[in-house]
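Asks: One structure, pasted below without further comment.
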Amino acid sequence: MLSLLRWFFLLLSGLVLFVGLTPPLQRKLSSKGLIPNQFTYGDLYNMTNLPAFREKNIGENMALTPQDKPARRYENVHFYNFGDSFTDIDTSYYAGGFNFRASQNEHLQPIHLDRSKKNILFFQFIERVIRERLQPSVYPAMYIQNGVMDTTGKGPLPPQIAAKPSPLPDWALAQFGHDMSSRLEFILFNFKPFLKLKEAKAQFTLDVLGRVPAAEVSRDHQHVFYKIEANGLSSSSSFYPVDEAELKRVIRVMNTIRDYYKKMGFDEVYVAFIPNKVTVLEPNHRPFGQPYNHLIERLEADTTLKTPLLSFYGTVTKHPEWYHLGDGHWNNQGKRYWLSRVNTLIGQVSRGDSIPRIQYK
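Straight run, no breaks: the sequence shown in the working numbering ends on number 367.
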């Protein structure tokens, strides 16, 4: 009997480890309710387990509906979006005759530019990644080598870098990093009884010790933020100083990216910078007394940035309700505002309107 129990627990441990090492399988099992979903209440809730930030209706707050799709499509415009998780939106919500979403998290993505249409490429950056990714040593790998490539052969080709052969698939290699332990923890300890204990511990740590190890809370404890956005210790933070030289480097890189893709055949390249959650909900957070660095406003005001902009800063900062309670992203209200702005731009391009360097509404 004891031997059977040992074998049972050995097999169970192996199964848990296999699921933890296989994100596609973990997502499939969690979607069927067989194991806990680590994003059920929002990523920041799952980092902190603070009950005040458990967003019970996050799925409803996140989802778009068929009514959000454009009433009109502009067949003479082909729209290409190159963004991050803030604009991970089904392309059917865009008003172009053809719509395509690329991502820096993917490999080089082939496209076919139809030069009988107006082709526009739109880059979107959340504030926390601007200084990290728009650097001379970083951007080629993310936005050129892993960007989009026109297969018609009429534009420049990105430099080809030979990949080192590996006996394992990409997903397997990626699983032995720091995320593996958190995935295993969610599988084992995110069922309701454990969750209540974790919430009690997290609340005690905040109330008695004044600490939130995995994230950062606002001074009034009403909001929760990614630590890298709010702690003022790195260039991802809204409060980390940015000097003029670095600002100019970011602008030069963005202009270089624009030039590259215009040579490829795009009629124009646009950009939008989305503010961090802490920028919107607590701009006076001031870690270590450091004020908000006004990065987005300074980029938008600098006329040496030749890439045309849609400005989101002024409107989004007036709408804190557009961000999730338990997550670092904007909710469906923010997504709808994004879509309204982008689809308006697509209409302007279709009609041949004169488009200024920056549009605020």
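Idealized CB from N, CA, C, for every residue including glycine.
Compute the distance between the beta-carbons of Glu222 and Phe231, then report whether it is under 8 Å.
Replies: As a first step, residue 222 must be located in the sequence shown, where it is residue number 216. As a first step, residue 231 must be located in the sequence shown, where it is residue number 225. Result yes, Cβ atoms of Glu222 and Phe231 sit closer than 8 Å.
Asks: Within 8 Å, do at least three Cβ pairs link the region 69-86 to the region 349-363?
Replies: Yes: the two stretches touch, three or more of their Cβ pairs being nearer than 8 Å.
Asks: So is Arg121 buried or exposed if we call it buried at 16+ other beta carbons inside 10 Å?
Replies: For the purposes of this step, residue 121 is identified with residue 115 of the sequence shown, where counting begins at 1. Classification of Arg121: exposed, given that the 10 Å Cβ count is below 16.
Asks: Tell me, please, whether the region 258-273 touches the region 139-149 by the rule of three or more beta-carbon pairs shorter than 8 Å.
Replies: Yes: at least three Cβ pairs fall under 8 Å.
Asks: Along the chain, where does the beta strand (DSSP E) that runs through Leu127 open and close?
Replies: The residue labelled residue 127 in the question sits at position 121 within the sequence shown. Segment Lys124 to Ile132, the beta strand (DSSP E) holding Leu127.
Asks: Does the beta-carbon distance from Tyr99 to Leu345 come in below 8 Å?
Replies: Looking up residue 99 in the sequence shown gives position 93. Looking up residue 345 in the sequence shown gives position 339. Yes, they are a contact pair.
Asks: For Pro281, count neighbouring Cβ atoms within 10 angstroms of its own Cβ and tell me buried if that reaches 16, exposed if not.
Replies: To locate residue 281, count along the sequence shown from 1; it is residue 275. Buried, since its Cβ has 16 or more Cβ neighbours within 10 Å.
Asks: So the candidates are Glu112, Pro314, Tyr47 and Ser240; which of them puts its Cα closest to the Cα of Asp265?
Replies: Position 259 of the sequence shown holds residue 265. Ranking Glu112, Pro314, Tyr47 and Ser240 by Cα distance to Asp265 puts Pro314 first.
Asks: Measuring alpha carbon to alpha carbon, tell me which of Trp328, Asp156 and Ser243 ends up nearest Arg137.
Replies: Position 131 of the sequence shown holds residue 137. Of Trp328, Asp156 and Ser243, the residue nearest in Cα terms is Ser243.
Asks: Can you name the start and end residues of the alpha helix (DSSP H) that Val286 belongs to?
Replies: The count along the sequence shown starts at 1 and reaches residue 286 at position 280. Counting along the chain, the alpha helix (DSSP H) containing Val286 begins and ends at Lys283 to Leu287.
Asks: For His113, count neighbouring Cβ atoms within 10 angstroms of its own Cβ and tell me buried if that reaches 16, exposed if not.
Replies: Translated into the one-based positions of the sequence shown, residue 113 becomes position 107. Burial call: exposed.
Asks: Give me the DSSP bridge partner(s) of Trp336.
Replies: Looking up residue 336 in the sequence shown gives position 330. DSSP lists Tyr329 as partners of Trp336.
Asks: Express the C-alpha separation of Gly358 and Trp177 in angstroms, rounding to a whole number.
Replies: For the purposes of this step, residue 177 is taken as the residue at position 171 of the sequence shown. For the purposes of this step, residue 358 is taken as the residue at position 352 of the sequence shown. Because the pLDDT at Trp177 is just 43, under 50, the model does not fix this residue reliably, and the value given afterwards should be weighed accordingly. Going from the Cα of Trp177 to the Cα of Gly358 covers about 44 Å.
Asks: Rounding to the nearest angstrom, what Cα-Cα distance links Ser91 and Ala206 in this structure?
Replies: Here the question's residue 91 lines up with position 85 in the sequence shown. Here the question's residue 206 lines up with position 200 in the sequence shown. Each residue's alpha carbon lies about 31 Å from the other.
Asks: In whole angstroms, give me the CA-to-CA distance for Asp333 and Gly48.
Replies: Within the sequence shown, numbered from 1, the residue matching residue 333 stands at position 327. Within the sequence shown, numbered from 1, the residue matching residue 48 stands at position 42. Spanning the two alpha carbons is a distance of roughly 4 Å.
Asks: Go to Ile117, then tell me how far its beta strand (DSSP E) extends in each direction, as first and last residue.
Replies: Residue numbering aside, residue 117 sits at position 111 when the sequence shown is read from its first letter. Segment Gln115 to Ile117, the beta strand (DSSP E) holding Ile117.
Asks: Within the chosen definition, does the region 275-289 reach the region 317-327 through at least 3 CB pairs nearer than 8 Å?
Replies: Yes, they touch.
Asks: For Gln339, which residues in the same chain have their Cβ closer than 6 Å to its Cβ, ignoring the five residues on either side in sequence?
Replies: Reading the sequence shown from its first residue, position 333 is the one you call residue 339. Counting only Cβ-Cβ distances below 6 Å, and skipping sequence neighbours, we find Trp328.
Asks: Considering only the alpha carbon of each residue, which of Phe104, Glu66, Arg60 and Ala236 lies closest to Glu294?
Replies: The residue labelled residue 294 in the question sits at position 288 within the sequence shown. At residue 294 the sequence reads Phe, which differs from the Glu that was named. Here the closest residue by C-alpha is Ala236.
Asks: Would you please state the rounded distance, in angstroms, between the beta carbons of Glu133 and His330? I believe it to be under 8 Å.
Replies: Here residue 133 refers to the residue found at position 127 of the sequence shown. Here residue 330 refers to the residue found at position 324 of the sequence shown. Actually they are not in contact, since the Cβ atoms of Glu133 and His330 sit about 16 Å apart, beyond 8 Å.
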